[in-house]
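The structure appears right after this line, and notes come after that.
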Amino acid sequence: MKIDLTDAQVSLIIDGLRALQENAAYENKCTSDSEIHDSNNQMADEVDDLCEYLNCCEEVTPEVAICVKGGLVSSVYANANMDVDVYDLDVSDFPDEGEQEAADQKEAELDELVKSPGWRAVW
């Protein structure tokens, strides 16, 4: 989901959330220090999570660079956090027992994964 907000709009929302957070104890009609503390802590976590999300909502198209040396992936670089799974489907010229079956299973897993919503070939 992408939210198209200006920096001023994001700042206004964050300021409003912080004001709400400061007034939470009054709004919840807290009567003891422990109630105020508990109310503020719960609100603080929720407001902090939302503020962090709003500050980070810009979509970044991930770029990935994969270094292969000697037929092996030696490193993977990216401009965003991501998980990387390598599906090595190569089988030796004279496969050991079960080697071909293991490669076939990995290929079936990969085929199933790329059929999932949101997955597509990028290269």
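Numbering (full-length UniProt numbering), first residue to last: 1 to 123.
The beta carbon of each residue, even a glycine, is placed where N, CA and C say it ideally should be.
In its own chain, which residues sit with a C-beta less than 6 Å from the C-beta of residue 74, not counting the 5 before and 5 after it?
67.
Extent of the continuous alpha helix (DSSP H) run through residue 106:
Run containing residue 106: 99-114, per the alpha helix (DSSP H) assignment.
Using a threshold of 8 Å, state whether the C-beta atoms of residue 47 and residue 12 are closer than that.
No, these two residues do not count as a Cβ contact at 8 Å.
Per DSSP, what are the beta-bridge partners of residue 13 in this structure?
Paired residues: none, contrary to the question.
Quick check on DSSP: helix, strand or coil for residue 64?
In the structure shown, residue 64 sits in a strand (DSSP, three-state: E or B).
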